[in-house]
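According to this note's numbering, the sequence shown holds residues 72 to 186 in order. Backbone N, C-alpha and C define an ideal beta-carbon position, used for all residues, glycine too. Bear in mind the structure is a predicted one, so any value in this text is a computation, not a measurement. Shown next, in structure tokens, is the structure this report addresses.
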Amino acid sequence: LEHLPGSREMLPFLNDYRLFKACSQPDNPAGFGPLVLSALSGSHACFQKYGMHRDYSGLTPIIIIYRADLVEEVLRSNKILTKGGELGEYNLLHSWLGTGLLTSTGDKWRSRRRL
Numbered sequence: 072l073e074h075l076p077g078s079r080e081m082l083p084f085l086n087d088y089r090l091f092k093a094c095s096q097p098d099n100p101a102g103f104g105p106l107v108l109s110a111l112s113g114s115h116a117c118f119q120k121y122g123m124h125r126d127y128s129g130l131t132p133i134i135i136i137y138r139a140d141l142v143e144e145v146l147r148s149n150k151i152l153t154k155g156g157e158l159g160e161y162n163l164l165h166s167w168l169g170t171g172l173l174t175s176t177g178d179k180w181r182s183r184r185r186l
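And the structure:
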């Protein structure tokens, strides 16, 4: 993931902490605005230049793909794609959604990905 454009923090969860801290300041609600604007501005610059952006939710990396040609490259990939993080977020959806396009992996996902 290091070769992808996006944030390069040594401790990526500090961004979440800064946003949480800014949100929890009742005496300074305006402090949240500049942080969000800065984050959105950085993401927008990456989207325009590279078509994708790497970020973190806590310690979990997130790749956001913006351009259709890059999405197509991912969908055409023959590499095994697994979903879910350390917390098993997708496993929580199985009982509700079953194993469809959103929650399936590997060959099952590959056979259903054709839209």
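For a cut-off of 8 Å, the C-beta gap from R183 to G169 is around 12 Å, too long to register as a contact. When C-alpha distances from Q119 are compared across V142, R138 and I134, the shortest belongs to R138.
With 16 or more other CB atoms across the displayed protein chains lying within 10 angstroms of its CB, H124 is buried.
Non-local C-beta neighbours of I133 in its own chain, meaning closer than 6 Å and more than five positions away in sequence, comprise D126, ordered along the chain.
Of the residues assessed, T174 falls on the buried side of the cut-off, its CB having 16 or more other CB atoms within 10 angstroms. R138 carries a coil assignment under DSSP once its states are collapsed to helix, strand and coil. If you look at S128, you'll find it in the beta strand (DSSP E) that goes M123 to S128. Across the structure, A116 and I136 are spaced so that their CA atoms are roughly 13 Å apart.
Between the alpha carbons of L146 and L164 lies a gap of roughly 21 Å.
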